[in-house]
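First to last, the sequence lines map onto chains E and S. Plus 532 on top of the position in the first sequence (first one is 1) and you've got this note's numbering. Plus 532 on top of the position in the second sequence (first one is 1) and you've got this note's numbering. Don't be surprised by glycine CBs; every beta carbon is placed ideally from N, CA and C. No experiment lies behind these values; they were computed from the predicted model shown.
2 protein chains.
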Amino acid sequence: MKKKLPYLRIMLSQTEENYLKCIYKLSGSANATVSTNDISAQMQTTAASVTDMLKRLSEKELVNYAKYKGVNLSEEGRILANGLIRRHRLWEVFLVEKLKFSWDEVHEIAEQLEHINSDLLIQRLDEFLSFPKFDPHGDPIPDRHGKYFKRKEQSLSTLKKGESAVIVGVKDHSTTFLQYLASQKLTLGVALTVQEIIEYDKSLLITVSGKKKLAVSSQVAENILVGNNEKPNS
Amino acid sequence: MKKKLPYLRIMLSQTEENYLKCIYKLSGSANATVSTNDISAQMQTTAASVTDMLKRLSEKELVNYAKYKGVNLSEEGRILANGLIRRHRLWEVFLVEKLKFSWDEVHEIAEQLEHINSDLLIQRLDEFLSFPKFDPHGDPIPDRHGKYFKRKEQSLSTLKKGESAVIVGVKDHSTTFLQYLASQKLTLGVALTVQEIIEYDKSLLITVSGKKKLAVSSQVAENILVGNNEKPNS
DNA sequence: ATACAATTTTTTTAAAACCTAATCATTTTA
DNA sequence: TAAAATGATTAGGTTTTAAAAAAATTGTAT
Chain E
533 MKKKLPYLRI MLSQTEENYL KCIYKLSGSA NATVSTNDIS AQMQTTAASV TDMLKRLSEK
593 ELVNYAKYKG VNLSEEGRIL ANGLIRRHRL WEVFLVEKLK FSWDEVHEIA EQLEHINSDL
653 LIQRLDEFLS FPKFDPHGDP IPDRHGKYFK RKEQSLSTLK KGESAVIVGV KDHSTTFLQY
713 LASQKLTLGV ALTVQEIIEY DKSLLITVSG KKKLAVSSQV AENILVGNNE KPNS
Chain S
533 MKKKLPYLRI MLSQTEENYL KCIYKLSGSA NATVSTNDIS AQMQTTAASV TDMLKRLSEK
593 ELVNYAKYKG VNLSEEGRIL ANGLIRRHRL WEVFLVEKLK FSWDEVHEIA EQLEHINSDL
653 LIQRLDEFLS FPKFDPHGDP IPDRHGKYFK RKEQSLSTLK KGESAVIVGV KDHSTTFLQY
713 LASQKLTLGV ALTVQEIIEY DKSLLITVSG KKKLAVSSQV AENILVGNNE KPNS
């Protein structure tokens, strides 16, 4: 009955994993150097706690850490962080596609599921879901080696009058924003056309799926990502 | 990015949950009183550690604990322990039915998955799996209220010469036993007939699925559960 | 009644994760 | 370039969780 730990070379606590993910997100694809304060802001903790953790992660060689100079993920760290993103997004696909959750309900649960440690599990899950390339919010799912499926995308707010496009993602992942979009049927794969751009506040008048007319604020438009009517997923 | 705890009345650590499960298993359906030593044996720890934990669980009113008299699960504790068993077994069904794991590979992973906290998740998973009544090892899956699907079952070793039955479960859940059974095609739902009982060592000669002849030791027979060719699952 | 086994109490260890306050390093700007 | 502001680290401590050792206590069988 004693808890059998998975036999992994590196056993990380959930907090350590969350720090890795955080650094991964902040430093972007260029693997830029990230500051202690940026991390503490994201993690809602103090800078001192972050320094504490960075030393431990550095000890485990998951980050390149030079004091006063910021951090970086090491090769090992990137692989682990990438794995976490991958797991998270695959589980989100599972929750929406198979268990019929809506796109605004899945984040918290996936946040827990991503810490389940089993490479075989993720491999099989990926297969079961037919190797999806994007998650329910349109975010790309990296493969085992960190490779992403590239896609042309731009903010809805960059479209000009008369132009058409298909919704492929969102920038804001907040529950309220996602719920709002769902209520307006502004979901992934939906085609829309810009009818009018209101000069005064940069809000848009659009038609959704060729029929419904809809007004969206510039803030909403800014957070919707559109592409050139390509395949929505997989 | 700070870990958002699920808003549950009772937040338990994984270890606490494992203790609950352990007590649940040891005390059986009668909710009998369990001794500190029994628990320490099961949990591979010292009696002192168990006493420690019992006090904490008692504090949270999950167990009825009278010192020197042993423990019992409280109503609350039973509900939680039942939920853990339920989750564990549902995840095992998922892993085998959907992700094509074999029945000897799923325990460790389900052990992790069972700690994911979301009632809605389990409800949806149950639905997705078409409300299975038994897990891949033939163990019954309790419903939300702790009700089990009843089934007539007996050990293969109790069958008399000439009698037939269908495999519905196992008593031993060890990897080696499960792998052995799989290698002999002695899996759930398989029909068999006792051809001969060897007096000397109580081993059996059986036919599997009407064709294959097979010798099984008394120890193996003891750990196979059979029923009267009823529906295997759901 | 007493010895022995089971159980509990008390104390200790240890790690994870966080905090406050003080200090130190770097960058900016006056 | 020196002082001020910003940013990061250290030191020291708290809390939580889990486990264990040693010592004391209780229950029970003979």
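*Is the Cβ of residue 605(E) closer than 8 Å to any Cβ of chain S?*
no
_Rounded separation between residue 733(S) and residue 748(S) - CA only_ = 11 Å
*asked:* Quick check on the burial criterion: 16 or more other C-beta atoms within 10 angstroms. Buried or exposed for residue 564(S)?
replied: exposed
*What residue range is occupied by the uninterrupted alpha helix (DSSP H) comprising residue 555(E)?*
546-559
*Thinking C-beta only, is residue 590(E) closer than 8 Å to residue 597(E)?*
yes
*How would you write the range of the alpha helix (DSSP H) that residue 732(E) sits in, first residue to last?*
Counting along the chain, residue 732(E) falls outside any alpha helix (DSSP H), and DSSP gives it neither H nor E.
*Run of the beta strand (DSSP E) containing residue 702(E), from where it starts to where it stops*: 696-702
*Rounded distance between the beta-carbons of residue 617(E) and residue 556(E), thought under 8 Å*: 7 Å
_By the 9 Å beta-carbon criterion, what residues does the stretch 619-634 of chain E contribute toward chain S?_
627, 630, 631, 632 and 633
*Run the CB neighbour count on residue 585(S), radius 10 Å, all protein chains shown included, and call it buried at 16 or more, exposed below.*
buried
*Just how far apart, CA to CA, sit residue 570(E) and residue 741(E)?*
41 Å
*Is there a Cβ from chain S that is less than 8 Å from the Cβ of residue 650(E)?*
yes
*Using a C-beta to C-beta distance shorter than 9 Å, which residues of chain S count as neighbours of residue 656(E)?*
627, 630, 631, 632 and 633
*Just to confirm, are residue 706(S) and residue 723(S) a CB contact at a threshold of 8 Å?*
no
*Cutoff 8 Å: residue 555(S) Cβ touching any chain E Cβ*: no
_Proximity test, Cβ basis, 8 Å: residue 738(S) and chain E_ = no
*Assuming residue 757(S) and residue 692(S) form a contact by the criterion Cβ under 8 Å, report the distance between their Cβ atoms to the nearest whole angstrom.*
So it is not a contact: roughly 16 Å between Cβ atoms.
*Taking the alpha-carbon positions, what's the residue 694(E) to residue 736(E) distance?*
11 Å
_Close beta carbons around residue 587(S), own chain, < 8 Å, minus the five adjacent residues each side_ = 597
*Is there contact between the stretch 570-579 of chain E and the stretch 630-643 of chain E, where contact requires at least three CB pairs shorter than 8 Å?*
no
*Note down, in chain order, each residue of its chain lying with its Cβ closer than 7 Å to the Cβ of residue 750(S), except the 5 sequence neighbours on either side.*
689, 733, 734 and 735
*Going along chain E in order, which residues have a C-beta closer than 8 Å to the C-beta of residue 663(S)?*
Near residue 663(S) there are no residues of chain E at all, since even the closest Cβ is about 14 Å away, more than 8 Å.
*Following the continuous beta strand (DSSP E) through residue 678(E), name the residue where it begins and the one where it ends.*
From DSSP, residue 678(E) is part of no beta strand (DSSP E); its letter is neither H nor E.
*For residue 660(S), which residues in chain E fall below 9 Å Cβ to Cβ?*
630, 631 and 632
*Just checking my contact of residue 672(E) with residue 666(E) at CB under 8 Å: how many whole Å lie between their CB atoms?*
6 Å
_Tell me the DSSP secondary structure of residue 748(S) in three-state form._
strand
*Identify each residue in the stretch 701-724 of chain S for which the Cβ-Cβ distance to at least one residue of chain E is less than 7 Å, and report them in chain order.*
none
*Say whether the stretch 607-624 of chain S touches the stretch 620-639 of chain E, bearing in mind that this needs 3 or more beta-carbon pairs closer than 8 Å, one atom from each stretch.*
no
*Taking the alpha carbon of residue 802(E) as the point to measure from, which residue in 731(E), 717(E), 721(E) and 759(E) has its own alpha carbon closest?*
Nothing about residue 802(E) can be read from this structure; chain E reaches only from 533 to 766.
*Using a cut-off of 7 Å between C-beta atoms, extract the partners of residue 645(S) located in chain E.*
648
*In whole angstroms, what separates the C-alpha of residue 580(E) from that of residue 711(E)?*
37 Å
*Could you pull out every residue in the same chain whose Cβ sits closer than 6 Å to the Cβ of residue 677(S), ignoring the five residues on either side in sequence?*
none
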